[in-house]
Amino acid sequence: MKTQPRAPLGALLGAVAAGALALPALAQEGPVTLTIATVNNGDMIRMQGLTDAFTDAHPDIALQWVTLEENTLRQNVTTDIATGDGQYDIMTIGTYEVPIWGARGWLAPLEFSDGYDVDDLLPPIRAGLTVDGNLYAAPFYGESSMVMYRTDLMEAAGLEMPEAPTWEFIGQAAAAMTDEDAGIYGICLRGKAGWGENMAFLTAMSNSFGARWFDMDWQPQFDSPEWAATLETYLGLMENYGPPGASSNGFNENLTLFQQGKCGMWIDATVAASFVTDPNNSVVADRVGFALAPDNGLGPRGNWLWAWSLAIPDSSNAKEAATTFIEWATSKDYLALVAGNEGWANVPPGTRTSLYENPDYAQVPFAAITLASINSADPIHPSVQEVPYTGVQFVAIPEFQSIGTSVGQEFSAALAGQKTAAEALAAAQALAVQEMTAAGYYD
Amino acid sequence: MARAVSLRRKSINTAAAWTVALLLFFPILWTLLTSFKPEAQAVASPPRFLDFDWTLKNYRDVEAQRAYFRYFWNSVIIALGSTGLGLAVGIPAAWSMAFVPGRRTRDLLMWMLSTKMMPAVGVLVPIYLIFRDLGLLDSRIGLIIVVMLMNLPIIIWMLYTYFKEIPGEILEAARMDGATLGKEILYVLTPMAMPGIASTLLLNIILAWNEAFWTINLTVAGAAPLTKFITGFSSPQGLFYAKLSAASTMAIAPILILGWFSQKQLVRGLTFGAVK
Amino acid sequence: MSTQSSRKAARLMLAPSVILLLVWMVVPLAVTIWFSFLRYNLLTPERSGFIGFTNYTNFVASPAFLLSIANTLILVVGVLLITVVLGILIALLIDQPLWGQGPVRILVISPFFIMPPVAALIWKNMFMNPTNGLFAEALKFAGLRPYDFLGKAPLASIILIVAWQWLPFATLILLTALQSMSSEQLEAAEMDGAPPLQRFRFIILPHLARAITVVILIQTIFLLGIFGEILVTTNGGPGNASTTLTYLIYKEALLGFNAGTAAAGGMVAVVLANIVAVFLMIAVGKNLDA
Numbered sequence: 001m002k003t004q005p006r007a008p009l010g011a012l013l014g015a016v017a018a019g020a021l022a023l024p025a026l027a028q029e030g031p032v033t034l035t036i037a038t039v040n041n042g043d044m045i046r047m048q049g050l051t052d053a054f055t056d057a058h059p060d061i062a063l064q065w066v067t068l069e070e071n072t073l074r075q076n077v078t079t080d081i082a083t084g085d086g087q088y089d090i091m092t093i094g095t096y097e098v099p100i101w102g103a104r105g106w107l108a109p110l111e112f113s114d115g116y117d118v119d120d121l122l123p124p125i126r127a128g129l130t131v132d133g134n135l136y137a138a139p140f141y142g143e144s145s146m147v148m149y150r151t152d153l154m155e156a157a158g159l160e161m162p163e164a165p166t167w168e169f170i171g172q173a174a175a176a177m178t179d180e181d182a183g184i185y186g187i188c189l190r191g192k193a194g195w196g197e198n199m200a201f202l203t204a205m206s207n208s209f210g211a212r213w214f215d216m217d218w219q220p221q222f223d224s225p226e227w228a229a230t231l232e233t234y235l236g237l238m239e240n241y242g243p244p245g246a247s248s249n250g251f252n253e254n255l256t257l258f259q260q261g262k263c264g265m266w267i268d269a270t271v272a273a274s275f276v277t278d279p280n281n282s283v284v285a286d287r288v289g290f291a292l293a294p295d296n297g298l299g300p301r302g303n304w305l306w307a308w309s310l311a312i313p314d315s316s317n318a319k320e321a322a323t324t325f326i327e328w329a330t331s332k333d334y335l336a337l338v339a340g341n342e343g344w345a346n347v348p349p350g351t352r353t354s355l356y357e358n359p360d361y362a363q364v365p366f367a368a369i370t371l372a373s374i375n376s377a378d379p380i381h382p383s384v385q386e387v388p389y390t391g392v393q394f395v396a397i398p399e400f401q402s403i404g405t406s407v408g409q410e411f412s413a414a415l416a417g418q419k420t421a422a423e424a425l426a427a428a429q430a431l432a433v434q435e436m437t438a439a440g441y442y443d
Numbered sequence: 001m002a003r004a005v006s007l008r009r010k011s012i013n014t015a016a017a018w019t020v021a022l023l024l025f026f027p028i029l030w031t032l033l034t035s036f037k038p039e040a041q042a043v044a045s046p047p048r049f050l051d052f053d054w055t056l057k058n059y060r061d062v063e064a065q066r067a068y069f070r071y072f073w074n075s076v077i078i079a080l081g082s083t084g085l086g087l088a089v090g091i092p093a094a095w096s097m098a099f100v101p102g103r104r105t106r107d108l109l110m111w112m113l114s115t116k117m118m119p120a121v122g123v124l125v126p127i128y129l130i131f132r133d134l135g136l137l138d139s140r141i142g143l144i145i146v147v148m149l150m151n152l153p154i155i156i157w158m159l160y161t162y163f164k165e166i167p168g169e170i171l172e173a174a175r176m177d178g179a180t181l182g183k184e185i186l187y188v189l190t191p192m193a194m195p196g197i198a199s200t201l202l203l204n205i206i207l208a209w210n211e212a213f214w215t216i217n218l219t220v221a222g223a224a225p226l227t228k229f230i231t232g233f234s235s236p237q238g239l240f241y242a243k244l245s246a247a248s249t250m251a252i253a254p255i256l257i258l259g260w261f262s263q264k265q266l267v268r269g270l271t272f273g274a275v276k
Numbered sequence: 001m002s003t004q005s006s007r008k009a010a011r012l013m014l015a016p017s018v019i020l021l022l023v024w025m026v027v028p029l030a031v032t033i034w035f036s037f038l039r040y041n042l043l044t045p046e047r048s049g050f051i052g053f054t055n056y057t058n059f060v061a062s063p064a065f066l067l068s069i070a071n072t073l074i075l076v077v078g079v080l081l082i083t084v085v086l087g088i089l090i091a092l093l094i095d096q097p098l099w100g101q102g103p104v105r106i107l108v109i110s111p112f113f114i115m116p117p118v119a120a121l122i123w124k125n126m127f128m129n130p131t132n133g134l135f136a137e138a139l140k141f142a143g144l145r146p147y148d149f150l151g152k153a154p155l156a157s158i159i160l161i162v163a164w165q166w167l168p169f170a171t172l173i174l175l176t177a178l179q180s181m182s183s184e185q186l187e188a189a190e191m192d193g194a195p196p197l198q199r200f201r202f203i204i205l206p207h208l209a210r211a212i213t214v215v216i217l218i219q220t221i222f223l224l225g226i227f228g229e230i231l232v233t234t235n236g237g238p239g240n241a242s243t244t245l246t247y248l249i250y251k252e253a254l255l256g257f258n259a260g261t262a263a264a265g266g267m268v269a270v271v272l273a274n275i276v277a278v279f280l281m282i283a284v285g286k287n288l289d290a
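See below:
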């Protein structure tokens, strides 16, 4: 049955509203105000500070920013777009939402002028934002994950970090660098529960162990030996060489630990590199090295892929102006603008090949490895096994937020010592099956 | 009546009471102090209490990042609007229940309170859809209505228990003297009920100011109050504690100051409503 | 004595609020009940359809359901106990002769004005954080290992945070109830040689009964719906250790944009809240009419 549940009055009003919106958009004379929903990270805040450059060039477009933290942002924009509301003209969404919403026709395909050079976009990121050949969102920030380590502690332990380490080596290095009396922990990893928190890391890690979330019949695979190996390695590392209270540590907590010199290694988002090498905030700024995320020799490494990108909901009635803005905000000119104002290290990373070919940017210490990490991720084929989904550290289905968070809670509980790995995996399997059944995947 | 209290006893009482008060207030004090620290020192270990580089940078950053005053005005309008509307509707209702009680009055009161039992998360989507269809999304009117309806049971409840304290004979006497109903309410009841009405007003302004769930989910930017302002500062990537403290201070300062100045009224009204 | 006209007037005056509340309650309630019988995920509208009681059975059968009810009750009872007991004690303390009663009262009621999400963030980051928090620093200073409050004792930590927020409310009501008590009774008892504990039990406590009832009733209504603090601190974890019924609805329904399950969960919560209210009224309701 395909009924749309709405009160009859609501349906009538909705139809009238939809009819009104369907009228051709007025020509862009007179000021248009774009309502932009965005996330509160440094690059976006920086962009808000630079918008004078845009409004000077386009005096008929005004910008209204709505800055929210990630979870609230996702809640707001998803509700808005799913109900066809049209409150936002531009939304900041990620590689998780784009495939889902693009397939539903909720986003307007983006068409840019030739000067934009859409082929310059990094291939894995472009792939993650394209559905059926249409680009539905333009990336302004891209990241993968990598290993950040203390060069001085490695030296003291007599070890050398290869460019592409294995998980086994990571274990050795962690053991060698741990010095609990001095308050130094060999490895710091995410433990906080959430589909974008610990599960982002663990899912990416599981790819390098040959695991997958679902088989081709959408059956969860937490009862597989690959997932068991993943979780046990993770727990082993954290219990022996990790900081206390890790089950509530997310990105920020680990960042603080690393900046204060308490971690020997930290595997997390590539953007962290700019924070840990900032002498204003980090006491170890001059002693940080970088390496690719570890693997087990199976092909996929343990790194993830994410891009914050700007998209236009189909329900917006200012699509032309919105396209103009998005084109400006994700263009090569914008990158140069940031570089001119705040230096190359503060340019939003991970979107264009030309950035990484620029000799000025190559001077930034983590540029090369960021590029290598991003290019080694493949959202279409994240696992060595066959998968019915896309996404490296997530599964691009609407149910994933809920399932991912619940599974994340189980694994976080295992890290907190409340259950064994086997119990956590069994619980994860049970709830995943239950939720997928309730969502109708097995009908 | 007042017996002489030994100096010693008074000193002990004072010391104990101030200790408790400072302990309870300490988190707020710490937030205030942290808002003046540079980010790196905000998370310094061991923590610095007063010895740090005092700076106004956080406040400047917060103001630059978001248009504080727009959010502030929205908070004010929503809080005052919803409370005012609630009182306008609630005072007559409470009057009739207190002075012309029927058989069902107590049930009615309990039913009103029970309308608050549905958790907001369960009813978010239906309300959102209804608001969308009525064009009330991201509108101050819409928020005023929602917040008013959330607080109406509390308003009526408090006014009711307060009105019950007022002897009905006084109102009778006024009516015998020929006063109409309107005059009776306006000139006799209201002055006597002032403390109770004032404190109901204040308590509900606080509740409306702090109402986060609906104000975050039903607004975009135009009508968004300070509760949404704050979400722009929590848990981004990177250090943020000092900035969050500054944003929090800016968000809670108005209501804190209001509460401090009016706590006497609050106390008087709350008690009249609750106890003999 | 109410006359005919005043009775009619009374009904007229009652009408607006009753009508408003009726609409506010009935319309969302009706829509919610309707939704609860549908499979309606905002993101997959093509899979919608009438599914009868399936949402309810799914929700009730979810592994965290019973635990969430237990957690909700523990949270409510825990906060009530702390706020009422400490509230009485603090009220008694502040009621004593001392210097600066005004400022003390101001400081004590401050926490109530803080927005719940802000309060939760403050506690989480500044105090309970096992690496940087003040509690951790204090423990380290005393030579002990820092304790992971939110990880190892999540529900207790949340109870602490919520109790901190509501303690002023309870204290205020109880304090003013105390101050409205006539001192002659107390003094007479004292002169008769009654020890302080007995004075408390037989004179002060009964006088406070109504105030305590009001505190319990109002706080329970609010506490049953506590949500923001959990979202900001533990996200219901680790595992489901700090998942309350409201949070469970959020997680299963809102996070997945599953309006059908959310509606079913909401109805379940209403039923439970009504059960709690009935118990409460039986237990303490008589104090109201004294």
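Protein chains in written order, with this note's numbering: chain A, 1 to 443; chain B, 1 to 276; chain C, 1 to 290.
Backbone N, C-alpha and C fix where the C-beta goes; we use that ideal spot for every residue, glycine too.
Excluding the 5 residues flanking it on each side, C/Lys124 has same chain C-beta neighbours closer than 7 Å at Leu150, Val232 and Thr233, in chain order. Chain order gives the chain A residues near B/Gly232 as Asn40, Val66, Thr67, Leu68, Glu69 and Thr72, where near means a beta carbon separation below 9 Å. A/Met47 and A/Gln64 have their alpha carbons spaced roughly 13 Å apart. In the structure shown, A/Val131 adopts extended strand secondary structure according to DSSP, grouped into three states. Flagged as an interface residue toward chain C: B/Thr31, by a C-beta distance shorter than 8 Å.
Contact between the region 63-75 of chain C and the region 151-163 of chain B is absent: fewer than 3 CB-CB pairs across the two stretches fall below 8 Å.
Separation of C/Ala262 and C/Gly256 (C-alpha to C-alpha, rounded to the nearest whole angstrom) is 10 Å. Within the model, the alpha-carbon separation for B/Ala79 versus C/Leu92 is close to 33 Å.
When the five nearest sequence neighbours on each side are left out, the beta carbons in the same chain lying within less than 6 Å of the beta carbon of A/Thr51 are those of Leu63, in order along the chain.
Using a Cβ distance threshold of 8 Å, C/Gly87 and C/Leu160 do not count as a contacting pair.
Residues are counted here when their Cβ sits less than 9 Å from a Cβ of chain A; for the region 106-140 of chain B these are Leu124, Val125, Pro126, Tyr128, Leu129, Ile130, Arg132, Asp133, Leu134, Gly135, Leu137 and Asp138, given in chain order. Counting of Cβ neighbours within 10 angstroms places C/Trp99 among the exposed residues, the total staying below 16.
Straight-line measurement puts the Cα of A/Val288 at about 37 Å from the Cα of A/Glu423. When C-beta distances to chain B are compared with 8 Å, the residues of the region 280-294 of chain A below that value are Asn280 and Asn281, in chain order. For A/Ile93, the enclosing beta strand (DSSP E) has its first and last residue at Ile90 to Gly94.
Under a criterion of Cβ atoms nearer than 7 Å, the residues of chain A adjacent to C/Thr44 are, in order, Pro398. The residue from A/Leu415, A/Pro279 and A/Pro398 with its alpha-carbon nearest to that of A/Glu435 is A/Pro398. Closest in C-alpha terms to C/Leu280, from the list C/Leu20, C/Val76 and C/Pro63, comes C/Val76.
For the region 224-239 of chain C, the residues whose beta carbon sits under 8 Å from a beta carbon of chain B are, in order, Leu224, Gly225, Phe227, Gly228 and Val232. The three-state reading of DSSP puts A/Met146 in strand, counting E and B together. Chain order gives the chain B residues near C/Gln96 as Asn13, where near means a beta carbon separation below 7 Å. Using beta-carbon distances, B/Leu80 does not count as an interface residue toward chain C, since no partner is under 8 Å. In the three-state scheme derived from DSSP, where H, G and I count as helix and E and B as strand, A/Ser282 is classed as coil.
When 7 Å is used as the limit between beta carbons, B/Gly90 is near these residues of chain C: Ser17, in chain order. Under the Cβ criterion of 8 Å, A/Thr35 is counted among the residues facing chain B. Taking a cut-off of 8 Å for Cβ pairs, the region 371-390 of chain A and the region 212-229 of chain A touch, as three or more such pairs fall below it. Closest by C-alpha distance to C/Ser62, out of C/Ala264, C/Ile275, C/Pro103 and C/Glu187, is C/Ala264.
In terms of Cβ geometry, A/Ala311 and A/Met91 form a close pair [threshold 8 Å]. Here C/Asn41 carries a strand assignment [DSSP, helix/strand/coil].
Put simply, the backbone Cα of A/Ser248 is about 17 Å away from that of C/Glu137. Taken in chain order, the complete alpha helix (DSSP H) segments of 4 or more residues contained in the region 330-361 of chain A are 332-342 and 353-357. Approximately 4 Å separates the beta-carbon atoms of A/Thr67 and B/Gly232; this is inside 8 Å, confirming the contact.
Bridge partners of A/Gly245 according to DSSP: none are assigned. As the crow flies, the alpha-carbon of A/Ala339 is around 8 Å from that of A/Ala345.
Shown here, A/Trp213 sits in coil according to DSSP, grouped into three states, outside any helix or strand.
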